[in-house]
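Q: One structure, pasted below without further comment.
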Amino acid sequence: MKTLAALLLCVAAAADAQTRYDGLCDASAAVALAARHFIVADDEHNQLGIYRRGDAKRVGEVDLDKFLKTKKEADLEGAAQVGNRIYWIASHARNSAGKLREDRHRFFATDIRGKTVEPTGEPYTALLADLLAAPALAPLKRLAAAADGSLLIGLRNPIPQGRAVLVPLLNPAELVEGKGPARFGAAIRLDLGGRGVRSIERVGSGYVIAAGPPADAGSFAIYRWSGKPADAPSPVKLDLGTLRPEALLAWPDGQLMLLSDDGGVMVGRKACKDADKGKRAFRALDFKP
78 MKTLAALLLC VAAAADAQTR YDGLCDASAA VALAARHFIV ADDEHNQLGI YRRGDAKRVG
138 EVDLDKFLKT KKEADLEGAA QVGNRIYWIA SHARNSAGKL REDRHRFFAT DIRGKTVEPT
198 GEPYTALLAD LLAAPALAPL KRLAAAADGS LLIGLRNPIP QGRAVLVPLL NPAELVEGKG
258 PARFGAAIRL DLGGRGVRSI ERVGSGYVIA AGPPADAGSF AIYRWSGKPA DAPSPVKLDL
318 GTLRPEALLA WPDGQLMLLS DDGGVMVGRK ACKDADKGKR AFRALDFKP
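Put into structure tokens, the structure is as follows:
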């Protein structure tokens, strides 16, 4: 089994573009704050980390425990920026034993205020109930902003008839102001080679999608998509090596950053997510789509 140090050396074509960021392993959602900084969620903790592009050490942190009103991890999974607001979504999934985890029922926002990022409004906890009443599909996973201020929720699973599912969320701003219920548009199904959506990021007038398996085993791929439901996504040629794409963010210079969920990478005899905090890290890859 490869260690984190070995993994950092074994991606031949893209090795020079990879960067290691310290302090967390399970990078699950991220947004660029400006040309040189980004904020990232870890699905094992209720904190957001702030990093400078290319620098391993964390430069800031936003603690969400009090705001989210939960003592357990909310399992943060997706983020999307609309203006100076960042929307975040938790998995809304049951735990590995199939038990209901209401502390994962969170949809909320943070606002960028100068050099700070602060929670705003209140967490919305009825998104899954609204979705099931629509009805549509669950569990919830990834977010991307649309041109009109609505959001696209990408599902990691289910994958009906081998097609990934996107569900438009039409009123995100109302939800974080306590004005439910959620309103949804018609679901969109995309052919991602039998994969689900791990991350989706708006780029120009279209989107870039990181696709992956519904569980741990399986392959990953990157796609471009026009944003039109009738258009098929097209694959992006990119050597992912051992990366496990879990989040995408778009830089102002036109590059994208792909973040890898390295929680299962071995650090000595422990998985990264179980290692001492000083030994935790995730990998990221800058690329031009």
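With the working numbering, you'll find the sequence shown wraps up at 366, consecutive numbering, no jumps. The C-beta atom is built at its ideal place from N, Cα and C for all residues, glycine as well.
Helix, strand or coil for G271 per DSSP?
A: Of the three classes helix, strand and coil, the one that applies to G271 here is coil, per DSSP.
Q: Compute the Euclidean distance between the alpha carbons of R275 and E199, then round it to the nearest angstrom.
A: Approximately 26 Å between the Cα atoms of the pair.
Q: Taking the beta carbon of R181 as the centre, do at least 16 other beta carbons fall within 10 Å, making it buried, or is it exposed?
A: Buried.
Q: Per DSSP, what kind of secondary structure is D180 in: helix, strand or coil?
A: Helix at D180.
Q: I'd like to confirm the pairing. Which residues does DSSP put opposite D338 in its beta bridges?
A: Answer is D103.
Q: May I have the straight-line CA-CA distance separating R272 from G289, to the nearest angstrom?
A: R272 and G289: Cα-Cα distance of roughly 5 Å.
Q: Could you pull out every residue in the same chain whose Cβ sits closer than 6 Å to the Cβ of A94, ignoring the five residues on either side in sequence?
A: Excluding sequence neighbours, A94 sits near L362, D363.
Q: Using only the alpha-carbon positions, how far apart do G331 and R279 sit?
A: Their backbone Cα atoms lie some 11 Å apart in a straight line.
Q: Going by CA-CA distance only, name the one from I286, D268, A241, D308 that's closest to A222.
A: The shortest C-alpha separation from A222 is found at I286.
Q: Alpha helix (DSSP H) containing P249: first to last residue?
A: Start and end: 249-253.
Q: Hey, out of D316, Y300, D225, whose CA is closest to A309's CA?
A: That would be Y300, whose Cα lies nearest to the Cα of A309.
Q: Just the Cα atoms here: how many angstroms apart are G231 and A241?
A: So the two alpha carbons sit approximately 8 Å from each other.
Q: Using a 10 Å radius around the Cβ and a threshold of 16 neighbouring Cβ atoms, would you call P306 buried or exposed?
A: So P306 counts as exposed.
Q: Determine the burial state of D353: buried for a count of at least 16 other Cβ atoms within 10 Å of its Cβ, exposed for fewer.
A: D353 should be labelled exposed.
Q: Does Q332 come out as helix, strand or coil in the three-state DSSP assignment?
A: Q332 falls in the coil class under three-state DSSP.
Q: Alpha carbon to alpha carbon, what distance is there between K192 and G137?
A: In a straight line, the C-alpha of G137 is about 10 Å away from that of K192.
Q: What residues are listed by DSSP as bridge partners for H169?
A: According to DSSP, H169 bridges with nothing at all.
Q: Which whole-angstrom value describes the C-beta separation of F144 and P196, a residue pair presumed to lie in contact below a C-beta threshold of 8 Å?
A: 4 Å between Cβ atoms; contact.
Q: Taking 8 Å as the CB-CB cut-off, is P310 touching chain D?
A: Among the chains in the structure shown there is no chain D, since it carries only a single protein chain.
Q: Quick check on the burial criterion: 16 or more other C-beta atoms within 10 angstroms. Buried or exposed for C349?
A: Buried, by the Cβ-count rule.
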